[in-house]
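Adding 1230 to a residue's 1-based position in the sequence shown gives its number in this note's numbering.
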Amino acid sequence: MARKTVAVLRGGSGLDHLVSVKTGAQILQALSGDLTEKYRAVDVFIDKGGVWHVRGVPTTPEKVLNTTDVVWNGLRGEYGEDGTVQRTLDRFGTAYTGSRAYPSSVAINKELTKALLKKEGLRVPHSALLEVNDVLEKDILTLFRSFPQPSVIKPINKSSSIGVSVANNFFEFKEGIKEAFQHASTVLVEEYIKGREATCGVVDALRGEDVYQLPPLEIIIPNRTAENQIFSYQDKYSDVETERSPGHFTKQESKDLQEGAATAHRALGLRHYSKSDFIVTPKGIYFLETNTLPGLSEQSRFPKALGAVGVSNAEFIDHIITLALLGR
């Protein structure tokens, strides 16, 4: 059987550029190692300006996609997870891994996602939105006075905790909003939920399950203090161990986390694999957000959850590519 050509997209114009580069490197390593008899890998690097390159030479999506059987979408954040690159791939009729364009564009919007999943019965933090306007200073003060504190401030459509902060007073609230506006035109303010952070991945059609639920991981924030209360970008991609597997959850908590991740995956119309984040509290479990393309670098949590149930990178990659080629 002739080998299938797999174009691995990595890099991109988003702030998760480096994570995407590392994710793509892991995919390329597997395709050129254990899976080399089945697939021929093409490394497609997309620079921060959005230009595609193959072997260091600038090229066009058309040239790449016309000679490709399937694309592994290893991109992250804007361009990769917001439906943009998916629309390009759809235009050329190319098979690709990960979710389709519209579900991706919904899932990357934290408020839209929460509203949808609240209807599905998941518990979500109380929140409010702020947009750039001529009376922003007044709006910030009004919101601070009316919103329960402390609060969590986020750009509405960024991943990897980029631009996220916790505010305990008005100065931190104002500065956090200004920082978040550096990354998005709409800012999400959420009530701060105190509890244990958890993340849980799912995979389509694995081991006979429609949506296979991976074991939830408990997130450990290094050197957690009153000033350091979030799982930051630096924490996520440092060499310090930042998760506990299995997590210190009860059987019921683990089950609820897994079912919550599967509910999010189905309700958002996602495809192939995804990962959802939660806060576990004595009052119950709160849903935070879903990543449609979880990072697959050595530091990423998704491969660690796969490894916990005996699924190798090569097995996972082969499985997802097979789903994409089948149009599932």
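Just so you know, even glycine gets a beta-carbon here, dropped at the ideal spot from N, CA and C.
| Item | Value |
| --- | --- |
| Classification of Asn1387 by the beta-carbon crowding that lies within 10 angstroms, buried from 16 upward | buried |
| Buried versus exposed call for Ala1535 [16 or more other C-beta atoms within 10 Å across all chains shown] | buried |
| Separation of Phe1403 from Phe1374, as counted between CA atoms | 7 angstroms |
| Proximal residues to Pro1355 (C-beta, below 7 angstroms), its chain only, five neighbours per side dropped | Glu1420, Glu1421, Ile1423 and Tyr1516 |
| Length-filtered (4 minimum) alpha helix (DSSP H) runs lying within the region 1299-1354 | 1307-1310, 1314-1321, 1331-1337 and 1340-1349 |
| Leu1523 beta carbon less than 8 angstroms from that of Asp1339 | Before going on, a small fix: residue 1339 reads as Asn here, not Asp. No. Outside cutoff. |
| Inter-stretch contact at 8 angstroms, needing at least 3 Cβ pairs: the region 1315-1323 / the region 1487-1507 | no |
| Cβ neighbours of Thr1289 in the same chain (closer than 6 angstroms, five flanking residues each side left out) | Trp1282 |
| Buried/exposed call for Lys1384, threshold 16 Cβ in 10 Å | buried |
| C-alpha distance - Val1362 paired with Ser1415, whole-angstrom precision | 6 angstroms |
| Spatial neighbours of Leu1265 in its chain, beta-carbon cut-off 8 angstroms, leaving aside the 5 residues before and after | Ala1544, Ile1547 and Asp1548 |
| Cβ neighbours of Pro1378 in the same chain (closer than 6 angstroms, five flanking residues each side left out) | Glu1421 |
| Entirely enclosed beta strand (DSSP E) segments - the region 1262-1292, minimum 3 residues | 1269-1276, 1282-1284 and 1287-1289 |
| Lys1252 in three-state terms, based on DSSP | helix |
| Cβ distance (whole Å) where Leu1553 is taken to contact Ala1435 below 8 angstroms | 6 angstroms |
| Proximity below 8 angstroms, CB of Leu1556 to CB of Pro1333 | no |
| Spatial neighbours of Leu1258 in its chain, beta-carbon cut-off 7 angstroms, leaving aside the 5 residues before and after | Val1238, Ala1271 and Asp1273 |
| Val1394, buried or exposed, once every other Cβ within 10 Å from all chains shown has been counted against 16 | buried |
| Glu1311 versus Gly1525: straight-line alpha-carbon distance, rounded | 11 angstroms |
| Residue span of the alpha helix (DSSP H) that contains Leu1373, given as start and end | Leu1366 to Ser1376 |
| Cut-off 8 angstroms between Cβ atoms - residues of its own chain near Tyr1326, not counting five sequence neighbours on either side | Val1300, Val1301, Trp1302, Asn1303, Gln1316, Leu1319 and Ala1554 |
| Pair within 8 angstroms by beta-carbon distance, His1495 and Val1539 | no |
| Residues near Leu1352 by beta carbon distance below 7 angstroms, same chain, minus five either side | Gly1490, Thr1493 and Phe1517 |
| When Ser1530, Arg1501, Gly1307 and Ser1389 are compared against Ile1449, the one with the closest alpha-carbon | Ser1530 |
| Whole-angstrom distance between Phe1532 and Val1365, CA atom to CA atom | 42 angstroms |
| Buried/exposed call for Leu1261, threshold 16 Cβ in 10 Å | buried |
| Three-way DSSP call (helix, strand, coil) for Arg1496 in this model | helix |
| Buried/exposed call for Lys1344, threshold 16 Cβ in 10 Å | buried |
| C-alpha distance - Glu1427 paired with His1413, whole-angstrom precision | 24 angstroms |
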